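Asks: So the mapping is simple: my numbering equals the position in the sequence shown, first residue as 1, plus 1352.
Note that the Cβ used here is the ideal one computed from N, Cα and C, for glycine as well.
Quantities reported herein were computed from a predicted structural model and do not represent experimental measurements.
Supplied in structure tokens, the structure appears directly below.
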Amino acid sequence: MNAIQIKNVTKQYKDVTALDDVSFSFEYGKIYGFLGRNGAGKSTLINIIANRIFADNGEILIDGIPVKENMKIHEKVFCMSEVDLYDTSLKIKEHFKWINRFYDSFNIEKAFEIAEKFNLDTSKRYKALSKGYQSIFKLTVALALNVPYVIFDEPVLGLDANHRELFYDLLLKDYESNERTIILATHLIEEVANIIEEVVLIDKGKVMLQDNVGSLLEMGYSISGLAHEVDAYCVDKNVIGYDELGNLKIAYVLGEKAPLPKIGNLSLSAMNLQKLFVKLTEKGGN
1353 MNAIQIKNVT KQYKDVTALD DVSFSFEYGK IYGFLGRNGA GKSTLINIIA
1403 NRIFADNGEI LIDGIPVKEN MKIHEKVFCM SEVDLYDTSL KIKEHFKWIN
1453 RFYDSFNIEK AFEIAEKFNL DTSKRYKALS KGYQSIFKLT VALALNVPYV
1503 IFDEPVLGLD ANHRELFYDL LLKDYESNER TIILATHLIE EVANIIEEVV
1553 LIDKGKVMLQ DNVGSLLEMG YSISGLAHEV DAYCVDKNVI GYDELGNLKI
1603 AYVLGEKAPL PKIGNLSLSA MNLQKLFVKL TEKGGN
């Protein structure tokens, strides 16, 4: 089967529907961007995949095996998240030893090598680390685990620019030498735009789109110029949003690029992934 299959998953919190009959798959051997605004349902779905919470309806299968309360998926998926699930009084090197006992696929030598690259002091206790270095410890664990599905939920929170770049570099090198599925749930879309192959966009508990990054960027473009000229051009187009400044206007369009009129001063340009995400989701969320 080689996939994480999400089938008709619904999760309700009192009067809020976090996930509304969600169905899609993360295929094996791809790097995904799992995108959505705060409250869109990303973390809820990740926590269901990781067996931390349970869906009200529907099910999730990993390589055909039901996830819910099933130890058979223990060596198949790992989720790195903001949630602190570690004993804060233990030293980092002690954590590595415990994780090595718990996971057959944990490469403890690799963990120490990665820690050294990040200048992570493994003799320090978890609680003595800064927020950034606590994130680095979690990233190190995820990178040193040889499981087929790895989920990074907001992986670079608290990391400076150098450490973020090092993480992405290590992630790509690891993927090139050891193909697996990597899922990056993040707000820093432009940072991961050149890394991810496929995008899953979730908004208000529903999947808005799932597509290859290249295809997405080809189907979106922006048209700019005087407001009345932009409006005339966009009459029969699928416009997902506008930016306006005085009498100037930019329209963001999905669909094939129609030729520009010979009269007027309109200009056409590509739409980046960040702008596409913002315009598709700005009508909702916080």
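Quick check: what's the CA-CA separation for E1434 versus I1503?
Replies: Here residue 1434 refers to the residue found at position 82 of the sequence shown. Here residue 1503 refers to the residue found at position 151 of the sequence shown. When only Cα atoms are considered, E1434 and I1503 end up about 12 Å apart.
Asks: Can you list, in chain order, the residues of its chain whose CB lies under 6 Å from that of I1488, leaving out five sequence neighbours each side?
Replies: What you label residue 1488 is simply residue 136 of the sequence shown in a count that begins at 1. Around I1488: F1470 and L1472.
Asks: Going by the DSSP bridge assignment, what does I1417 pair with across the sheet?
Replies: The residue given as residue 1417 occupies position 65 in the sequence shown. Answer by DSSP bridge pairing, in chain order: I1414.
Asks: Check whether the segment 1439-1459 and the segment 1561-1569 touch, using three or more Cβ-Cβ pairs below 8 Å as the test.
Replies: no
Asks: Label I1615 either buried or exposed according to how many other C-beta atoms from any shown protein chain fall within 10 Å of its C-beta, with 16 as the threshold for buried.
Replies: Along the sequence shown, read from residue 1 onward, the residue named residue 1615 stands at position 263. Classification for I1615: exposed.
Asks: Tell me the rounded alpha-carbon separation between N1638 and V1552.
Replies: Counted from its first residue, the sequence shown places residue 1638 at position 286. Counted from its first residue, the sequence shown places residue 1552 at position 200. Legend: pLDDT at N1638 = 39, less than 50; position of this residue unreliable, value from coordinates given subsequently. So the alpha carbons of these two residues sit roughly 19 Å apart.
Asks: Output the distance between the C-alpha atoms of N1617 and L1536, rounded to the nearest integer angstrom.
Replies: Position 265 of the sequence shown holds residue 1617. Position 184 of the sequence shown holds residue 1536. Rounded to whole angstroms, N1617 to L1536 spans 40 Å at the Cα level.
Asks: One question on the structure: do K1359 and A1370 come within less than 8 Å of each other, judged by their Cβ atoms?
Replies: Walking along the sequence shown from the start, residue 1359 turns up at place 7. Walking along the sequence shown from the start, residue 1370 turns up at place 18. Taking 8 Å as the Cβ cut-off, K1359 and A1370 do not qualify as a contacting pair.
Asks: Should the segment 1508-1518 be called in touch with the segment 1538-1552, which here means at least 3 C-beta pairs below 8 Å?
Replies: They touch, by the three-pair rule.
Asks: At which residue ranges does the segment 1468-1542 contain complete beta strand (DSSP E) runs of 3 or more residues, listed in the order of the chain?
Replies: You should have 1501-1505 and 1533-1537.
Asks: How many angstroms separate the CA atom of A1603 from the CA atom of T1492?
Replies: As a working note, residue 1603 is residue 251 in the sequence shown. As a working note, residue 1492 is residue 140 in the sequence shown. Spanning the two alpha carbons is a distance of roughly 42 Å.
Asks: Measure the alpha-carbon distance for E1570 versus A1622 and round it to whole angstroms.
Replies: Numbered from 1 along the sequence shown, position 218 holds the residue referred to as residue 1570. Numbered from 1 along the sequence shown, position 270 holds the residue referred to as residue 1622. In a straight line, the C-alpha of E1570 is about 8 Å away from that of A1622.
Asks: Find out if the Cβ-Cβ distance for the pair G1557, G1385 is shorter than 8 Å.
Replies: Locating residue 1557 in the sequence shown gives position 205, where the first residue counts as 1. Locating residue 1385 in the sequence shown gives position 33, where the first residue counts as 1. Here G1557 is not near G1385, since their CB atoms are 8 Å or more apart.
Asks: Taking the alpha carbon of D1512 as the reference point, which residue from T1538, Y1485, T1533 and V1368 has its own alpha carbon closest?
Replies: Numbered from its first residue, the sequence shown carries residue 1512 at position 160. Of the listed residues, the one whose Cα sits closest to D1512 is Y1485.
Asks: Can you confirm whether the segment 1393-1413 touches the segment 1577-1584 when touching is taken to mean that 3 or more C-beta pairs between the two stretches lie within less than 8 Å?
Replies: no
Asks: In the segment 1540-1610, which residue ranges form an unbroken alpha helix (DSSP H) of at least 4 residues, counting only runs that do not cross its ends?
Replies: 1541-1544, 1565-1571 and 1579-1585
Asks: Let me make sure I understand the geometry here. Which of V1374, L1497, L1568 and V1605 has the alpha-carbon closest to that of I1592?
Replies: For this step, residue 1592 is matched to residue 240 along the sequence shown. Comparing Cα-Cα distances from I1592 to each of V1374, L1497, L1568 and V1605, the minimum goes to V1605.
Asks: Going by DSSP, what residue range makes up the beta strand (DSSP E) through K1363?
Replies: The residue given as residue 1363 occupies position 11 in the sequence shown. Run containing K1363: A1355 to Y1365, per the beta strand (DSSP E) assignment.
Asks: Figure out for me which residue from D1555, E1608, N1599 and K1627 has the closest Cα to the Cα of K1589.
Replies: The residue labelled residue 1589 in the question sits at position 237 within the sequence shown. Here the closest residue by C-alpha is E1608.
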